Amino acid sequence: MRLARADRSVLSDWWFTVDRLMFFGMLLLMAAGLLLSFAASPPMAARYDLEPFYFVRRHAMMIPPTIIVMFAASTLSPKMIRRTSLVIFLIGIVMMLLTLWVGSEVKGAQRWLQIGSLSIQPTEFVKPAFVVLVAWLFHEHQTRRDVPGIELAVFFYILLATLLVLQPDFGQTLLVTLVWGGLFFMAGMDLVWIAALGIVAIAGLTASYFLVPHVASRIDRFLDPQSGDTYQTDRAIESFLQGGWFGRGPGEGTIKTVLPDAHTDFIFAVAAEEYGIVACMVLVAMFAFIVMRGFAKAANEPDGFIRLAIAGLVMLFGFQTLINLSVNVGLLPAKGMTLPFISHGGTSMLSMGLTAGFILGLTRKRPKAAQRPARDRSHEQQENDVREQAA
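Using UniProt numbering, the first residue of the sequence shown is number 1, and each one after it goes up by one.
As structure tokens, then:
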């Protein structure tokens with residue numbers, strides 16, 4: 001099928017306005033995830049007495065719906081992305097509340113809702129919706145002083161962070177805090193407020209250390225490996241040493257057979273052993289390309305809300321990637337954070353598809369008239385109101 005600029009169909013309009021380089025970069029990450037699934041998943045299937053490619057097939061089955069979600073979200077206008085985010089956020093918050101009572105407990109945390117044969121982690125869908133809403137609220141604070149943008153942004157953050165701590169999920173709490181703080185800084189808030197936010201974050205981390213044994217144990221093991229079990233991190237680092245620059249070859253890795261969560265949290269370590277550090281650097285470069293291109297698009301965007309939303313979503317994508325990679329190389333304690341588009345996990349894949357779709361939708365080319373800063377349009381409206389009153 002040949003697409004022409006004169007064709008005004010949804011697909012043709014999308015093709016000629018979307019950032020195709022970023023889109024194909026995301027597709028390449030999905031392809032890399034499927035390839036690495038063949039390497040990491042069979043040992044996990046053997047542990048559960050499943051056929052060797054059980055998790056590979058599940059991973060492959062999630063790619064088409066992820067692409068559909070990404071495409072559908074990328075066709076939305078900025079206004080529709082904002083409205084869709086509000087609906088997703090409200091529904092997601094209700095589902096997060098339900099997980100505290102009827103959620104499935106996995107490794108001591110209640111983060112999952114069982115709906116029929118499906119297991120859903122509501123937090124994954126709440127994150128991109130939260131980022132878009134907070135970006136809009138910060139922008140409204142800049143342009144309309146009658147809107148309590150800061151107050152609502154703080155309220156939404158406290159609500160989400162509280163629910164995450166109650167699950168508990170401190171890794172996601174850290175991720176949400178980093179993105180929220182980044183948007184707070186980008187919105188041009190007073191340095192006093194930024195310093196206050198930093199103090200609150202340090203106080204929260206300190207309180208978690210002294211009040212939550214699970215958090216204290218992970219931090220102690222990270223700072224002093226001799227104080228506890230560091231088996232996962234040790235095996236992950238060993239994978240890099242065994243793989244060297246060019247790896248041991250596809251299917252030749254051995255550490256994945258004893259590494260817990262090899263197909264999810266530590267799939268990057270599996271890639272290091274079988275394909276080598278050079279392949280890992282290529283994978284990191286792919287993530288970096290998407291992040292840097294996203295920030296470049298945000299920097300050139302005249303509309304304040306869109307600029308903040310793009311930057312926030314790219315930070316969400318980038319920080320999650322950075323946390324996962326840092327855990328794999330021993331720079332951070334284990335967090336249970338998936339690697340976007342690479343790790344096995346249906347909810348995580350769909351959530352990243354939604355995040356990527358929002359980024360693609362917000363960075364699409366738009367008519368010049370639609371790109372005027374909201375502040376200018378607001379000023380123009382005020383002038384019109386004055387003329388009407390004078391008349």
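Every residue gets a Cβ at the ideal spot worked out from N, C-alpha and C, and that includes glycine. Computed from a predicted structure; not experimentally measured.
When the alpha-carbon of Thr257 is set against those of Thr143, Pro52, Ile306, the nearest one is in Pro52.
For the 7 Å CB-CB criterion, Val18 and Leu354 do not form a contact. In this structure, Val69 is the residue among Ser41, Trp136, Arg58, Val69 with its C-alpha nearest to the C-alpha of Met26.
The continuous beta strand (DSSP E) containing Leu118 extends over residues 118–120.
Listed as beta-bridge partners of Ile115 by DSSP are Leu118. Using a 10 angstroms sphere on the CB of Lys365, the tally of other CB atoms stays under 16, which defines it as exposed.
Distances from the CA of Leu197 to each of His263, Leu178, Ser208 were compared; the closest alpha carbon is that of Leu178. Note that the segment 302–314 does not touch the segment 270–277; fewer than 3 beta-carbon pairs, one per stretch, sit closer than 8 Å.
The distance from the Cβ of Gly357 to that of Phe71 is about 7 Å, consistent with a contact at the 8 Å cut-off. Excluding residues up to 5 positions away in sequence, Met315 lie with their Cβ nearer than 6 Å to the Cβ of Gly182 in the same chain. When the Cα atoms are used, Pro260 and Phe289 turn out to be separated by approximately 30 Å. Counted as a single uninterrupted DSSP element, the alpha helix (DSSP H) harbouring Lys79 occupies residues 78–102. Taking all protein chains shown into account, Glu301 has 16 or more neighbouring C-beta atoms within 10 Å of its C-beta and is therefore buried.
As a beta-bridge residue in DSSP terms, Gln110 pairs with Glu105. With a cut-off of 8 Å on Cβ pairs, the segment 153–160 is in contact with the segment 132–139, counting three or more such pairs. The three-state reading of DSSP puts Leu259 in coil, since its state is none of H, G, I, E or B. Along the segment 251–306, the alpha helix (DSSP H) occurs as fully enclosed runs of 4 or more residues at 267–299, listed in sequence order. In the three-state DSSP reduction, Tyr48 falls in the coil class, being neither helix nor strand. Bounds of the alpha helix (DSSP H) holding Ala201 are 191–211. In summary, Pro340 is buried, with 16 or more beta-carbon neighbours lying within 10 Å of its beta-carbon over all protein chains present. Counting only residues of its own chain and dropping the five nearest sequence neighbours on each side, Ile81 has a CB closer than 8 Å to the CB of Ala73, Val132, Ala309, Phe358, Gly361, Leu362. Where Ala161 is concerned, the enclosing alpha helix (DSSP H) starts and stops at 149–166. Here Phe240 is buried: its Cβ has 16 or more other Cβ atoms, across all protein chains shown, within 10 Å. Taking Ile237 as the centre and dropping the five residues before and after it, the same chain places the C-beta of Gly330 closer than 6 Å to its C-beta, in chain order. Nearest neighbour of Gly249 by Cα position, chosen from Gly204, Val270, Phe266, Gln110, turns out to be Val270. Lys335 sits in coil when the DSSP states are folded into three classes, being neither helix nor strand. Taking the Cβ atoms as the reference, Ile88 lies roughly 6 Å from Phe125, within the contact range of under 8 Å.
Sequence-distant Cβ neighbours of Ala45 in its own chain, meaning closer than 6 Å and more than five residues away, are Pro52, Tyr54, Phe55.
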